[in-house]
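A.B. asks: The structure that follows is given in the form of structure tokens.
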Amino acid sequence: MSESIPTSHAKAWLESLRPRTLPLAFSSIVTGSAIAAWHDSFKPGVALLALITAGLLQILSNLANDYGDAIKGSDTPERIGPLRGMQKGMITAQQMKRALILTVILTVMAGIALITVACEKPSDVLGFLMLGLLSIVAAITYTVGNKPYGYMGLGDISVLIFFGWISVAGTYYLQTGELDSIVMLPATACGLLATAVLNINNLRDIENDQRNGKNTLAVRLGPQTARRYHVFLLLAATLCLALFSWLFLSGWSAWLFVLALPLLVRHSVLVLRDPTAAGMRPMLEHMVKAALLINILFAIGVVLSKQY
């Protein structure tokens, strides 16, 4: 059963903002910046604005998620995960709409500042304006609208694209002015780790989602297959990082991320052994920490590694 009433409106808003999810958005920017630094093209101002923009996009997604699920009645007192402000009656739909509008405005402002500082060519300005708009639309329509794609099992591929390919490769491009195909290996790894976080979230809520017509990929696969899919995501992410280190890096620091592997292995074993949805609740925070650790260790390793 979910938790009941928050102690204050401030706590209700904090629950809806979900600050614990922000490191996952930041890690993609850190990885892209680390690879830019590896190519002697690190730009602190650009990296900072990218972090701010990514954080605001994550907050926008969190708020839109709460709004969409509350309006559709998907989050009920029976769900295992914690209910947020709207579901507890502490935040009205009108208040959440205003928060969404404000967050969109702040995100647009941060994105424009980022593009202004980082882009020189008109084609780059137009391209990143389109990507920014697409990111905002994707953040909102995951659960909001007549046909939210999160309810159709498309959330996983969206996370891979936006938390992996676009975040990492886009951050790299904004600092270097060029797109190198080798950045796609760590970009894919970041995206797969973020997808694993979403999958654990969906495994936790699988019973409630199934009852309420939210057909996430976990619901479509079933609990056992979704657990095997989870292990595949972690293995594939690790393989991408290993291939990048083996092919392009040198020195012991290239393999710093290996220090996080015991945590991923332990996490995988726990997920496979526990068949219950309730057992996935502590696994969510565990997965966030594991993803953050492996991304940070990899980024540090890239910066310390010698240029190939």
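In this text, residue positions in the sequence shown follow our numbering: the first is 2, and each later residue adds one.
Note that CB positions come from ideal geometry on N, CA and C, so glycine has one too.
1) If we ignore side chains and look at the alpha-carbon of each, how far apart do Phe299 and Ala261 end up?
2) For the stretch 173 to 185 against the stretch 211 to 220, do three or more pairs of beta-carbon atoms, one drawn from each stretch, fall closer than 8 angstroms, so that the two count as touching?
3) Can you list, in chain order, the stretches of the alpha helix (DSSP H) that have 4 or more residues and sit fully within the stretch 17 to 67?
4) Using 8 angstroms as the limit for Cβ to Cβ distance, is Met153 near chain D?
5) Distance check for Ser306 and Ser251, CA to CA, integer angstroms please.
6) Between the alpha carbons of Pro149 and Asp210, how many angstroms are there, rounded?
7) Cα separation between Ala100 and Ser62?
8) Helix, strand or coil: how does DSSP classify Pro283 here?
9) For Ile30, which residues in the same chain have their Cβ closer than 6 angstroms to its Cβ, ignoring the five residues on either side in sequence?
10) If you drop the 5 nearest sequence neighbours on each side, which residues of the same chain put their C-beta closer than 6 angstroms to that of Ala119?
11) Among the candidates Val304, Ala292, Lys89 and Ser246, whose CA atom is the shortest distance from the CA of Glu16?
12) Use the C-beta contact count for Ile92: other C-beta atoms within 10 angstroms, 16 or more gives buried, fewer gives exposed.
13) Using the rule of at least 16 other Cβ atoms within 10 Å of the residue's Cβ for burial, across every protein chain shown, is Asn296 buried or exposed?
14) For Leu293, I'd like the list of residues in its chain whose CB is within less than 8 angstroms of its CB, leaving aside the five on either flank, ordered along the chain.
15) Do you know whose CA, among Arg19, Phe164 and Trp39, lies nearest Ile183's CA?
16) Please confirm whether any heavy atom of the ligand HEM lies closer than 7 angstroms to the CB of Leu64.
17) Are the Cβ atoms of Thr144 and Gly86 separated by less than 8 angstroms?
18) Between Ser168, Phe233, Ala37 and Lys73, which has its C-alpha nearest Asn200's C-alpha?
19) What did DSSP end up calling Gly1 once you bin it into helix, strand or coil?
20) From Leu134 to Leu257, what distance separates their C-alpha atoms?
21) Decide yes or no for the touch test of the stretch 185 to 201 against the stretch 158 to 168: beta carbon pairs closer than 8 angstroms, at least 3 of them.
22) Is the CB-CB distance between Ala291 and Leu264 below 8 angstroms?
23) When you compare only the Cα positions, how much space is there between Ala94 and Ala111?
24) Note down, in chain order, each residue of its chain lying with its Cβ closer than 6 angstroms to the Cβ of Cys241, except the 5 sequence neighbours on either side.
25) To which residues of the same chain is Leu180 closer than 6 angstroms at the C-beta, ignoring the five residues directly before and after it?
26) Please classify Met97: is it buried, with 16 or more other beta-carbons within 10 angstroms of its beta-carbon, or exposed?
27) Assign Arg228 to one of two classes, buried (16 or more other C-beta atoms within 10 Å of its C-beta) or exposed (fewer than that).
28) Alpha carbons only, please: which of Leu244, Leu273, Ile113 and Phe129 is nearest the one belonging to His231?
29) If the criterion is Cβ atoms closer than 8 angstroms, does the pair Ala139 and Ser124 meet it?
30) State the Cα-Cα distance for the pair Ile36 and Ile116, rounded to the nearest angstrom.
31) If you follow the alpha helix (DSSP H) that Glu208 is part of, which residue opens it and which one closes it?
32) Please determine, among Phe129, Gly302 and Leu218, the residue with the shortest C-alpha to C-alpha distance to Trp253.
C.D. replies: In short:
1) The count along the sequence shown starts at 1 and reaches residue 299 at position 298. The count along the sequence shown starts at 1 and reaches residue 261 at position 260. Straight-line spacing of the CA atoms in Phe299 and Ala261 works out to 10 angstroms.
2) no
3) 23 to 39
4) Protein chains in the displayed structure number just one, and chain D is not present.
5) As a position in the sequence shown, residue 251 is number 250, starting the count at 1. As a position in the sequence shown, residue 306 is number 305, starting the count at 1. Cα to Cα, Ser251 sits roughly 6 angstroms from Ser306.
6) Translated into the one-based positions of the sequence shown, residue 149 becomes position 148. Translated into the one-based positions of the sequence shown, residue 210 becomes position 209. CA-to-CA, the gap between Pro149 and Asp210 works out to about 14 angstroms.
7) Counting from one through the sequence shown, the residue named residue 100 turns up at place 99. Counting from one through the sequence shown, the residue named residue 62 turns up at place 61. Computed Cα separation, rounded: 12 angstroms.
8) Here residue 283 is taken as the residue at index 282 of the sequence shown, counted from 1. Residue state, collapsed to three classes: helix.
9) Taking the sequence shown and counting its residues from 1, one reaches residue 30 at position 29. If we look at Ile30 and ignore the five residues flanking it on each side, its Cβ neighbours are Ala51, Leu52, Ala55 and Thr172.
10) Here residue 119 is taken as the residue at index 118 of the sequence shown, counted from 1. Excluding five sequence positions before and after Ala119, the CB atoms of its chain that fall closer than 6 angstroms to its own CB belong to Val47 and Leu175, given in chain order.
11) Translated into the one-based positions of the sequence shown, residue 16 becomes position 15. The shortest C-alpha separation from Glu16 is found at Lys89.
12) Mapped onto the sequence shown, residue 92 falls at position 91. Label assigned to Ile92: buried.
13) Within the sequence shown, the letter at position 295 stands for residue 296. The residue is buried, with at least 16 neighbouring Cβ atoms inside 10 Å.
14) Taking the first residue of the sequence shown as position 1, residue 293 is located at position 292. Answer for Leu293: Pro24, Leu25 and Ser28, listed in chain order.
15) The residue labelled residue 183 in the question sits at position 182 within the sequence shown. If we check each option's Cα against that of Ile183, Trp39 comes out closest.
16) Only the bare structure without any ligand can be found here, which leaves the ligand HEM out of the picture.
17) As a working mapping, residue 144 is identified with position 143 in the sequence shown. As a working mapping, residue 86 is identified with position 85 in the sequence shown. Their beta carbons are not under 8 angstroms apart, which means Thr144 does not touch Gly86 by this criterion.
18) As a working note, residue 200 is residue 199 in the sequence shown. Checked all of Ser168, Phe233, Ala37 and Lys73; the closest Cα to Asn200 is Phe233.
19) This structure gives no information on residue 1, because the portion of the chain shown stretches from 2 to 309.
20) The residue you call residue 134 lines up with position 133 of the sequence shown. The residue you call residue 257 lines up with position 256 of the sequence shown. About 36 angstroms.
21) Note that the stretch 185 to 201 touches the stretch 158 to 168; at least 3 beta-carbon pairs, one per stretch, sit closer than 8 angstroms.
22) On the sequence shown, residue 291 is found 290 positions in, with the first residue counted as 1. On the sequence shown, residue 264 is found 263 positions in, with the first residue counted as 1. Contact flag set, yes.
23) As a first step, residue 94 is located in the sequence shown; it is residue number 93 there, counting from the start. As a first step, residue 111 is located in the sequence shown; it is residue number 110 there, counting from the start. Those two C-alpha atoms are separated by around 26 angstroms.
24) Mapped onto the sequence shown, residue 241 falls at position 240. If we look at Cys241 and ignore the five residues flanking it on each side, its Cβ neighbours are Leu186, Thr189 and Ala190.
25) Looking up residue 180 in the sequence shown gives position 179. Excluding residues within five positions, the ones whose Cβ falls inside 6 angstroms are Tyr174.
26) Here residue 97 corresponds to residue number 96 of the sequence shown, with the count starting at 1. The residue in question, Met97, is buried, as its Cβ has 16 or more Cβ neighbours within 10 Å.
27) Locating residue 228 in the sequence shown gives position 227, where the first residue counts as 1. Buried, since its Cβ has 16 or more Cβ neighbours within 10 Å.
28) Taking the first residue of the sequence shown as position 1, residue 231 is located at position 230. Among Leu244, Leu273, Ile113 and Phe129, the Cα nearest to that of His231 belongs to Leu273.
29) The residue given as residue 139 occupies position 138 in the sequence shown. The residue given as residue 124 occupies position 123 in the sequence shown. No, Cβ-Cβ distance for Ala139 and Ser124 is not below 8 angstroms.
30) Translated into positions along the sequence shown, residue 36 becomes position 35. Translated into positions along the sequence shown, residue 116 becomes position 115. When rounded, the distance between both Cα atoms is 20 angstroms.
31) To locate residue 208, count along the sequence shown from 1; it is residue 207. Glu208 -> alpha helix (DSSP H) spans Ile207 to Arg212.
32) Here the question's residue 253 lines up with position 252 in the sequence shown. Nearest C-alpha to Trp253: Gly302.
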